[in-house]
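Written below as structure tokens is the structure these notes are about.
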Amino acid sequence: MLLNLFLLAALAVLGAIAYFEPGKKEPAETPLTRVDIDKVDTLTLQQGDKTIVLAKKDGHWWVSAPFSAPANDFRVRQLLEIAKAASDASYPLKPEELAKFELDKPIASLTVGDAVLVFGGADPINMRRYVRIGDALHLVRDDFSRHLTAQATDYVDKKLLPEDARIQEIVLPEWKARLGQDGKWVFEPPQEGGEAHIGDLLTNWQSARAIDVKYLDKAAEGQKLHIGLANGESVDFVIVQREPELLLARQDYGLQYEVVGEPARRLLSLNPKPAENKAEEAPPQASPAPESPMEDGGAEEIEAD
């Protein structure tokens, strides 16, 4: 019995060693490309006949085609990271095999530095994406397709003003204000409580973000809104619509920004009133008819029982 127990324990130890393989190193993942994405300053995303070009200017990314506007650095980084995705397997690719992997009509191609990644169909079993790089076919876990098929406007920074904007002048349809050399704001026409509330208004503008950005398909019509910055630059909007959503057009970008809810109200007023409660009050309920003494007594008898 002791011998059997000893042999059983030895088998358990050997089985654990065989399963866990102590000292064995996991094989290093092979990235799709060796491109140093931190040094890339231009990205080109081709979607059929549509081309999106992203370029870095002064440390920040811009959409430079099909229009020119500041880009969302985080979204661009997600595109860059695709070039470093792990290749689960790679094989030589022959020209006659392109259609087999849907690479003859790819969903998109991405140019990162000197590497061109062409994205075809997906493996129906493991749902890995076929990616062509040169004459090689790679299989990659697909968690990035939504970035490849996004519209150009999806890569636009949704902030209404630059990150480090310092407002020196603001011109709304009803009034305007400018920061004087003495550090005080001058309003035209004078605004009651203007000096007390101008700080909140500027903070609202500096942090304002749109929930959506769309192409401006025609010349915008509406009241003008001008913001002058301390660095000499200016931002001009056209107020296309105030309610129910605030729509602001930037004609220099050819884009329209949509702002909703309380943030929208706070951009056009020094001291916005609280939003009105539009819920209709419930009609008063009719008082119940008085019960007869008999009914009252019956009720008391039942409760007593």
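Quick note: to get my numbering, add 32 to the position in the sequence shown (first position is 1). For each residue, glycine too, the CB sits at the ideal point set by N, CA and C.
Beta-carbon gap between residue i and residue j smaller than 7 Å
i    : j    : result
Q288 : K246 : yes
K208 : R241 : no
A97  : V85  : yes
Q110 : H170 : no
E290 : I230 : no
A87  : T74  : yes
A117 : V72  : no
I259 : F176 : no
L278 : A252 : no
A147 : V67  : yes
F219 : G226 : yes
G286 : F106 : no
V270 : G293 : no
D189 : P102 : yes
D136 : L142 : no
E248 : A281 : The question names Glu, but residue 248 in the sequence shown is Leu. A contact, by the Cβ cut-off of 7 Å.
L302 : Q213 : no
L112 : I69  : yes
R298 : N236 : yes
S119 : T185 : no
Run of the alpha helix (DSSP H) containing residue i, from where it starts to where it stops
i    : result
D186 : Looking at the DSSP string, D186 is not in any alpha helix (DSSP H), and its letter there is neither H nor E.
A296 : G293 to R297
L130 : Segment: none, L130 is in no alpha helix (DSSP H) and carries neither H nor E.
R178 : S177 to L180
Under the three-state DSSP convention, the category residue i falls into
i    : result
A101 : strand
T143 : strand
P276 : coil
I230 : helix
D167 : coil
S301 : coil
F38  : helix
Q213 : coil
A197 : coil
Q79  : strand
R107 : helix
L64  : coil
A117 : coil
A318 : Unreliable placement is indicated for A318, whose pLDDT of 45 sits below 50; the coordinate value is still reported in the next sentence. In the structure shown, A318 sits in coil (DSSP, three-state: anything other than H, G, I, E or B).
A331 : Its pLDDT being 38, under 50, A331 is placed unreliably in this model, and the coordinates cannot settle the point.
E313 : For E313, the pLDDT reaches just 42, beneath the cut-off of 50, and the residue's location in the model is therefore unreliable, leaving the point undetermined.
K57  : Its pLDDT being 45, under 50, K57 is placed unreliably by the model, and the measurement read from it follows with that caveat. The answer is coil: DSSP assigns K57 none of H, G, I, E or B.
Rounded Cβ spacing between residue i and residue j (contact assumed at less than 8 Å)
i    : j    : result
Q200 : A262 : 5 Å
A154 : R160 : 7 Å
L64  : L149 : 7 Å
L300 : L204 : 6 Å
G145 : F133 : That pair is no contact at about 24 Å.
Y187 : V95  : 6 Å
In DSSP terms, what residue i is bridged to
i    : result
F269 : L257
S122 : H170
W237 : Answer is none; W237 lacks a bridge partner.
W94  : A87 and P102
I202 : A209 and I259
Q288 : K246 and A281
A154 : R161
V148 : T143
E224 : Paired residues: none, contrary to the question.
V72  : Answer by DSSP bridge pairing: none, since V72 is not bridged.
Residue i: first and last residue of the uninterrupted beta strand (DSSP E) it sits in
i    : result
Y247 : D244 to Y247
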